[in-house]
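Chemist:
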Amino acid sequence: MIKVLIIDDEPLQRQGIVRLTPWTDFDAEVVGDTGSGMEGILLARELRPDIVIVDIKMPGLSGLDVIARLRGEIEAEYIILSGYGEFEFAQQAIALGVCAYLLKPLDDEELAAAIKAGAERICRRRMCADDEPAAEDGPPTIRIPREEPVRGYLLHAVRYMEEHMAQSITVRDVADALGISVSYLHKLFARCGTSFSAYLTDCRLRCAGKMLRESDEKIYVIAAACGYQDTRYFSKIFRKHMGAKPTEYRSERNM
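The numbers in the working numbering rise by one with no breaks, and the one at position 231 of the sequence shown is 261.
#1: Is residue 150 buried or exposed, if buried means 16 or more other CB atoms sit within 10 Å of its CB?
#2: Three-state secondary structure (DSSP) at residue 59?
#3: Going by alpha carbons, who is nearest to residue 39 out of 270, 203 and 243?
#4: Using beta-carbon positions only, say whether residue 65 and residue 44 come within less than 8 Å of one another.
#5: Going by the DSSP bridge assignment, what does residue 105 pair with across the sheet?
#6: Quick check on DSSP: helix, strand or coil for residue 72?
#7: Taking only the alpha-carbon atoms, compute the straight-line gap between residue 55 and residue 139 and give it to the nearest angstrom.
#8: By how many angstroms is the C-alpha of residue 41 removed from the C-alpha of residue 268?
#9: Count the other CB atoms, across all protein chains shown, that sit within 10 Å of the CB of residue 220; report buried if there are 16 or more and exposed otherwise.
#10: Would you list the residues sitting across from residue 112 in a DSSP beta bridge?
#11: Skipping 5 residues on each side, what residues in its chain have a beta carbon closer than 8 Å to that of residue 174?
#12: Is the CB-CB distance between residue 86 and residue 73 below 8 Å?
#13: Per DSSP, residue 33 is paired with what?
#14: Assuming residue 77 and residue 33 form a contact by the criterion Cβ under 8 Å, report the distance between their Cβ atoms to the nearest whole angstrom.
#15: Between residue 130 and residue 46, what straight-line distance do the alpha-carbon atoms span, to the nearest angstrom?
#16: Considering only residues of the same chain and omitting the five flanking positions on each side of residue 104, which have a CB-CB separation below 8 Å?
#17: Quick check: what's the CA-CA separation for residue 188 versus residue 57?
#18: My understanding is that residue 255 touches residue 196, with C-beta atoms under 8 Å, so please give their C-beta distance in whole angstroms.
#19: For residue 146, which residues of its own chain have a beta-carbon under 7 Å away from its beta-carbon, when the five flanking residues on both sides are left out?
#20: Considering only the alpha carbon of each residue, which of 273, 182 and 110 lies closest to residue 218?
#21: Alpha carbons only, please: which of 155, 190, 102 and 98 is nearest the one belonging to residue 123?
#22: Going by DSSP, what residue range makes up the beta strand (DSSP E) through residue 82?
#23: Could you check what DSSP says for residue 64 in three-state terms: helix, strand or coil?
#24: Verify whether the separation of the beta carbon atoms of residue 84 and residue 111 is less than 8 Å.
Here you go:
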């Protein structure tokens with residue numbers, strides 16, 4: 031069975047891919063999906079997917095960032111989803127050796143063809159791997175991953191932050207909830223190329239973006255729900271990280 035991970039901050043598109051793609055046609059199954067590049071990296075390290083479908087442009091870590099960090103760690107085929115205005119990323123994607131570069135809105139047949147191509151590559155790679163041990167004397171070596179606790183701590187930290195983002199979260203709160211030291215938690219995030227505060231900001235703004243797209247709640251209500259009591263500060267940091275004011279970001283959904 032071919033394992034598939036989907037990373038896309040657009041909930042409707044992500045759910046559409048999960049539900050509408052005929053996975054059994056490719057002997058594949060979706061083992062995980064997320065709207066965060068950071069959590070996508072953690073899930074990939076935990077689940078070891080064969081195919082990763084990732085949106086090229088997301089708040090925080092981009093799809094290219096995700097692929098660059100996973101290459102060398104995960105032997106997977108990558109399918110990139112891109113908007114029409116993002117052709118400048120195509121050259122970088124090609125340099126990273128992606129399996130397919132698909133434009134949005136997605137065409138079901140193109141996505142199916144990309145998944146099929148990725149599945150065929152994986153099958154050929156597996157056949158070659160099976161041939162090598164068969165030609166050697168003695169049983170194949172079993173390699174046990176040494177970083178399972180690390181991935182577990184990071185996933186629990188990420189989920190704790192997402193569940194408590196409306197509160198005034200500190201690194202001490204999360205470390206205590208996990209039963210580890212503050213310094214160790216800082217090191218875990220540093221190993222993923224980010225920091226506790228940077229990921230918390232990314233987590234809160236990603237949630238705010240989703241609420242702006244999917245609800246008509248007042249801006250101050252959304253700000254408070256995402257951990258910002260000062261609406262002016264929320265608007266300032268949202269614009270800095272998301273490239274638009276909250277009101278402008280919301281209006282884009284109706285364009």
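No residue lacks a Cβ here, since even glycine has one placed at the ideal position from N, Cα and C.
The structure presented is a predicted model; accordingly, all values stated were derived computationally and were not measured.
Modeler: Once the coordinates are examined:
#1: exposed
#2: strand
#3: 243
#4: yes
#5: The partner list for residue 105 (beta bridge, DSSP) is empty, contrary to what the question assumes.
#6: helix
#7: 13 Å
#8: 19 Å
#9: exposed
#10: 133
#11: Only weak support exists for where residue 174 lies, its pLDDT of 31 falling under 50; the value from the coordinates is given anyway. Around residue 174: no qualifying Cβ.
#12: no
#13: 59
#14: 6 Å
#15: 19 Å
#16: 74, 75, 78, 79 and 82
#17: 31 Å
#18: 5 Å
#19: 56
#20: 182
#21: 98
#22: 81 to 85
#23: strand
#24: yes
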